[in-house]
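Participant: Here it is, the structure in full.
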Amino acid sequence: MPATILIVDDNELNLRLATRVLEKDGYQTTTALNGFEALELCDQNPPDLAILDVMMPDMDGYELCRRMRENPKLKHTPIIILTALSSVDDRLQAFDVGADDFLSKPFVPAELLARVKVFLRHLEVRAVGNENQMARKIAVFSLRGGVGVSTLATNLAAGMSQLWGDETALVDMAFFNGQSALMFDLPMRNTWGDLAQIPEEEIDAEVLNQVMLRHSSGTRVLAAPRSAVNADQISEEKVSHVFELLQEQYPYIIYDLPHDFSATTLVALDSADKILLLIAPELASVRAAGMALTVFEELGYPDEKVELVLNWNFQSQGLPRGEIEAALKRKLSIVIPYVADSIVTAITMGKPPILSMPETPLGALFEDLAFRWSAPEQKKKRPESPTDAWRRIAERMRKRAKAASS
Ligand SMILES: Nc1ncnc2c1ncn2[C@@H]1O[C@H](COP(=O)(O)OP(=O)(O)O)[C@@H](O)[C@H]1O
Ligand SMILES: [Mg+2]
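Here the sequence shown is numbered in my numbering, starting from 1 and rising by one per residue.
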C-alpha cells in the first residue's frame with residue numbers, strides 16, 4: 001500500500017503543486033486548506049507523513065505541528081515544515097514545536113521527494129521484509145578524548161548511507177556528553193534517555209524506530225541522553241538488547257564510543273566486527289592506544305579486528321608515522337591529514353564533510369574509507385543501481401589503478 005502524505009497549505013495552487021510532485025512518485029496524498037481541517041483529517045486517518053505550510057490564517061504551521069504532536073496517534077508521524085521564511089529562528093521554532101525537518105519555499109521537487117523518501121524508507125523496509133542478513137558493526141574508539149572519534153564515526157555513518165543507499169545506524173555510546181546528534185544538526189527529540197525509562201521487554205523494533213533520529217542523508221542517530229541522570233540508568237543488558245534489535249534492521253551500525261572501558265563500551269567493542277582505534281600523532285595518544293591494544297589482546301580480539309587510524313588533529317610538529325608504528329609494534333592502516341578549517345566549519349554547521357563537500361579531498365577520503373570498511377561481500381560486485389558516491393569511489397579506484405600500472 002502506498003504511503004499517505006498529508007499536505008496542509010492555505011493556497012490551492014501550492015497544494016496542487018505539492019500533490020502532483022508526490023503523486024507522480026507513487027505516494028497517496030490528502031490535503032487540507034487550514035489547521036482545523038488538518039487536525040480532524042489526521043485524527044480520523046493518521047497519515048504516514050505530513051507537510052505543513054507555515055503562513056496560514058487562523059492557525060499557523062507551527063501551532064498546527066504543536067497540536068498534532070499532542071495527539072498520541074501523531075506523536076511520531078514525520079512532519080516537514082515548508083516555508084518561505086528561513087532564518088535560524090524559524091528553523092529553531094520548527095524544531096521546538098516538534099517538526100522533524102524543514103524545507104524552504106519555493107521547494108525543488110527533487111529535494112522534497114528526497115526528504116520524504118528518507119522519512120518513509122522504514123515503511124518500505126518493513127513492507128519488503130528484512131532479509132535478516134547480519135549487520136556489519138564498526139566501533140570507533142580511543143582511550144584519549146579529542147582525537148576525532150566522533151568526527152570519523154559521523155562521517156563513516158553518513159558515508160555508508162550515501163554509498164549503499166540504505167539507512168545506516170549511528171549509535172552514540174558516549175552517554176554523558178555525546179555530540180552525534182549535534183554533528184548532524186538534528187534536534188534531539190528522542191535519545192537513549194527515553195530508552196533508559198522504558199522497561200527492556202517493552203523496547204521492540206517499533207519503539208526503537210521512533211527513538212532514532214532521522215537525518216536526510218539516510219543516517220539514523222541513536223543520540224546520547226540530554227541529561228546525565230538518564231545516562232546513569234542505561235544498563236549493559238539494555239544495550240545488548242538494543243544492539244540485537246538494530247542488527248535486524250540496519251546493514252551497517254557505527255558506534256561512536258566514549259574514551260573508557262565501561263561495561264557498556266565493552267558491549268559495543270565485543271559486538272563489533274571492526275574496531276577503528278584512533279591515534280593522534282602525540283605521545284599521550286600513542287600511549288593510550290598502546291593501553292587499548294593490550295586490553296584488546298587480553299579480551300582475545302583477533303588482530304584483524306582492530307585497525308589503527310592516525311588522525312592529524314593538530315598542525316604542528318607531530319610524531320612521525322614510523323615511530324608510532326615502532327612504539328605500538330603495529331602498522332597504521334590509514335592516515336587522515338590535518339584539515340582544520342573545513343572540519344571545524346562542517347562541525348559548526350552540523351554538516352559532516354562527507355555530505356557538504358564530497359568533491360573535496362577530505363570528502364573523498366571519508367567516502368573511500370566508508371568503502372574500505374564496508375562488508376567484503378558487498379564490495380565485490382557492482383550494485384544494481386549504483387549511488388553517486390559509489391560511482392565517485394569506483395572512478396577514483398580506476399584512476400589509482402591506472403596510475404599504479406603506468
Ligand atoms: N583531521 C583533523 N583536522 C583538524 N581538526 C580535527 C581533525 N580531526 C578532528 N579534529 C577536531 O578535533 C576536535 C575533536 O574531534 P572529535 O571528533 O569530537 O573527537 P572525540 O570524539 O575523539 O573526542 C573537533 O573539534 C574536530 O574539529
Ligand atoms: Mg566524541
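For glycine and all other residues, C-beta sits at the position ideal for the given N, C-alpha and C.
Please read these numbers as outputs of a predicted model, since none were measured by experiment.
For the putative contact between residue 196 and residue 230, defined by C-beta atoms under 8 angstroms, what is the C-beta separation to the nearest angstrom?
Facilitator: In the sequence shown, counting from the first residue as 1, residue 196 sits at position 196. In the sequence shown, counting from the first residue as 1, residue 230 sits at position 230. Residue 196 to residue 230, Cβ: 4 angstroms. Contact.
Participant: Might you give, ordered along the chain, the residues of its own chain that have their beta carbon closer than 7 angstroms to the beta carbon of residue 85, omitting 5 neighbours on each side?
Facilitator: Walking along the sequence shown from the start, residue 85 turns up at place 85. Here the set comprises 54.
Participant: I need the boundaries of the beta strand (DSSP E) containing residue 175, first residue and last residue.
Facilitator: Counting from 1 along the sequence shown, the entry for residue 175 is found at position 175. Here residue 175 belongs to no beta strand (DSSP E), and DSSP marks it neither H nor E.
Participant: Applying the 10 Å Cβ sphere with the 16-neighbour rule, what's the burial state of residue 27?
Facilitator: Sequence index remark: in the sequence shown, residue 27 carries index 27 (1-based). Residue 27 is buried by the Cβ-count criterion.
Participant: Return yes when the C-beta of residue 343 is under 7 angstroms from any heavy atom of ligand 1, and no when it is not.
Facilitator: Mapped onto the sequence shown, residue 343 falls at position 343. Yes; taking the cut-off as 7 angstroms, the Cβ of residue 343 has a heavy atom of ligand 1 nearer than that.
Participant: For residue 183, which of 198, 210 and 256 has the nearest alpha-carbon?
Facilitator: To locate residue 183, count along the sequence shown from 1; it is residue 183. That would be 256, whose Cα lies nearest to the Cα of residue 183.
Participant: State yes or no: is the C-beta of residue 169 within less than 8 angstroms of the C-beta of residue 250?
Facilitator: The count along the sequence shown starts at 1 and reaches residue 169 at position 169. The count along the sequence shown starts at 1 and reaches residue 250 at position 250. Cβ distance < 8 angstroms, so residue 169 and residue 250 count as in contact.
Participant: Could you give the distance in angstroms between the alpha-carbon of residue 236 and the alpha-carbon of residue 253?
Facilitator: On the sequence shown, position 236 is the one that residue 236 refers to. On the sequence shown, position 253 is the one that residue 253 refers to. Each residue's alpha carbon lies about 18 angstroms from the other.
Participant: In the DSSP assignment, what are the bridge partners of residue 141?
Facilitator: Here residue 141 corresponds to residue number 141 of the sequence shown, with the count starting at 1. BP columns for residue 141 point to 277.
Participant: Between the beta-carbon of residue 354 and the beta-carbon of residue 309, is there less than 8 angstroms?
Facilitator: Taking the sequence shown and counting its residues from 1, one reaches residue 354 at position 354. Taking the sequence shown and counting its residues from 1, one reaches residue 309 at position 309. No. Outside cutoff.
Participant: Within the continuous alpha helix (DSSP H) that includes residue 371, where are the two ends?
Facilitator: Along the sequence shown, read from residue 1 onward, the residue named residue 371 stands at position 371. Unbroken alpha helix (DSSP H) run through residue 371: 361-372.
Participant: When you compare each of 294, 189, 164 and 147 to residue 335 by their alpha carbons, which one comes out closest?
Facilitator: Along the sequence shown, read from residue 1 onward, the residue named residue 335 stands at position 335. Minimum Cα distance to residue 335 is reached at 147.
Participant: Who are the near neighbours of residue 128 in its chain, counting only those whose CB is closer than 6 angstroms to its CB and skipping five residues on each side?
Facilitator: The residue you call residue 128 lines up with position 128 of the sequence shown. Below a pLDDT of 50, predicted positions are generally treated as unreliable, and residue 128, at 44, falls in that range; no measurement from the model is reported.
Participant: Which ranges would you report for the alpha helix (DSSP H) in the region 52-95 if only whole runs of at least 4 residues count?
Facilitator: Segments of the alpha helix (DSSP H) lying fully in the region 52-95: 61-70.
Participant: By Cβ distance, which residues of its chain are closer than 6 angstroms to residue 153, with the 5 residues on each side in sequence left out?
Facilitator: Walking along the sequence shown from the start, residue 153 turns up at place 153. If we look at residue 153 and ignore the five residues flanking it on each side, its Cβ neighbours are 140, 254 and 256.
Participant: Just the C-alpha distance for residue 304 and residue 274, rounded to the nearest angstrom, thanks.
Facilitator: Position 304 of the sequence shown holds residue 304. Position 274 of the sequence shown holds residue 274. Their backbone Cα atoms lie some 8 angstroms apart in a straight line.
Participant: In three-state DSSP terms, what is residue 330?
Facilitator: Position 330 of the sequence shown, counting from 1, holds the residue named residue 330. Residue state, collapsed to three classes: coil.
Participant: What are the boundary residues of the beta strand (DSSP E) that includes residue 307?
Facilitator: The residue labelled residue 307 in the question sits at position 307 within the sequence shown. That run of the beta strand (DSSP E) goes 306-311.
Participant: Does the separation of the CB atoms of residue 49 and residue 78 fall below 8 angstroms?
Facilitator: Along the sequence shown, one-based indexing puts residue 49 at 49. Along the sequence shown, one-based indexing puts residue 78 at 78. The answer is yes: Cβ separation under 8 angstroms.
Participant: What is the DSSP secondary structure of residue 99, counted as helix, strand or coil?
Facilitator: Numbered from 1 along the sequence shown, position 99 holds the residue referred to as residue 99. Coil, per DSSP.
Participant: Give me whichever residues DSSP pairs with residue 31 in a beta bridge.
Facilitator: Residue 31 sits at position 31 when you count from the first residue of the sequence shown. According to DSSP, which records beta bridges pairwise, residue 31 is partnered with 7.
Participant: Closer than 6 angstroms by C-beta to residue 157: which residues in its own chain qualify, once you throw out the five before and the five after it? Chain order, please.
Facilitator: Taking the sequence shown and counting its residues from 1, the one referred to as residue 157 is at position 157. Contacts found: 168, 170, 219 and 254.
Participant: Return yes when the C-beta of residue 150 is under 7 angstroms from any heavy atom of ligand 2, and no when it is not.
Facilitator: One-based indexing of the sequence shown puts residue 150 at position 150. The answer is yes for residue 150.
Participant: By the three-class DSSP mapping on this structure, what secondary structure does residue 256 have?
Facilitator: Counting from one through the sequence shown, the residue named residue 256 turns up at place 256. Residue 256: strand per DSSP, three-state reduction.
Participant: Measuring from the CB of residue 146, is there a heavy atom of ligand 1 at a distance below 7 angstroms?
Facilitator: Residue numbering aside, residue 146 sits at position 146 when the sequence shown is read from its first letter. For ligand 1, at least one heavy atom lies less than 7 angstroms from the Cβ of residue 146.
Participant: Have a look at the DSSP bridge pairing and note the partners of residue 168.
Facilitator: Translated into positions along the sequence shown, residue 168 becomes position 168. Answer by DSSP bridge pairing, in chain order: 219 and 252.
Participant: Using a Cβ-based criterion (distance less than 7 angstroms to any ligand heavy atom), does residue 142 qualify as near ligand 1?
Facilitator: By one-based count along the sequence shown, residue 142 stands at place 142. Indeed, a heavy atom of ligand 1 lies less than 7 angstroms from the Cβ.
Participant: Am I right that residue 213 and residue 186 are in contact with their C-beta atoms under 8 angstroms? What's the rounded C-beta distance?
Facilitator: Along the sequence shown, one-based indexing puts residue 213 at 213. Along the sequence shown, one-based indexing puts residue 186 at 186. Going by Cβ atoms, the distance from residue 213 to residue 186 rounds to 5 angstroms, so yes, they are a contact pair.
Participant: Quick one: does the C-beta of residue 174 sit closer than 7 angstroms to a heavy atom of ligand 2?
Facilitator: Position 174 of the sequence shown, counting from 1, holds the residue named residue 174. Yes.
Participant: Excluding the 5 residues preceding and the 5 following residue 7 in the sequence, name in chain order all residues of the same chain whose CB lies nearer than 7 angstroms to its CB.
Facilitator: The residue labelled residue 7 in the question sits at position 7 within the sequence shown. Around residue 7: 15, 18, 19, 29, 31 and 51.
Participant: For residue 283, count the other beta carbons within 10 Å of its own beta carbon; 16 or more makes it buried, fewer makes it exposed. Which is it?
Facilitator: Translated into positions along the sequence shown, residue 283 becomes position 283. So residue 283 counts as exposed.
Participant: State the DSSP-derived secondary structure class of residue 118, mapped to helix, strand or coil.
Facilitator: Stepping through the sequence shown from its first residue, residue 118 is reached at position 118. Helix, per DSSP.
Participant: Alpha carbon to alpha carbon, what distance is there between residue 209 and residue 443?
Facilitator: Residue 443 lies beyond the range of the chain shown here (1 to 406); nothing can be said about it.
Participant: With which residues is residue 336 paired in a DSSP beta bridge?
Facilitator: Translated into the one-based positions of the sequence shown, residue 336 becomes position 336. Beta-bridge pairing links residue 336 to 311.
Participant: Taking the straight line between their C-alpha atoms, what separation do you get for residue 206 and residue 248?
Facilitator: The residue you call residue 206 lines up with position 206 of the sequence shown. The residue you call residue 248 lines up with position 248 of the sequence shown. Using only the alpha carbons, I get a separation of about 12 angstroms.
Participant: Which value, in whole angstroms, describes the spacing of the CA atoms of residue 60 and residue 41?
Facilitator: Here residue 60 refers to the residue found at position 60 of the sequence shown. Here residue 41 refers to the residue found at position 41 of the sequence shown. Their Cα atoms are separated by approximately 17 angstroms.
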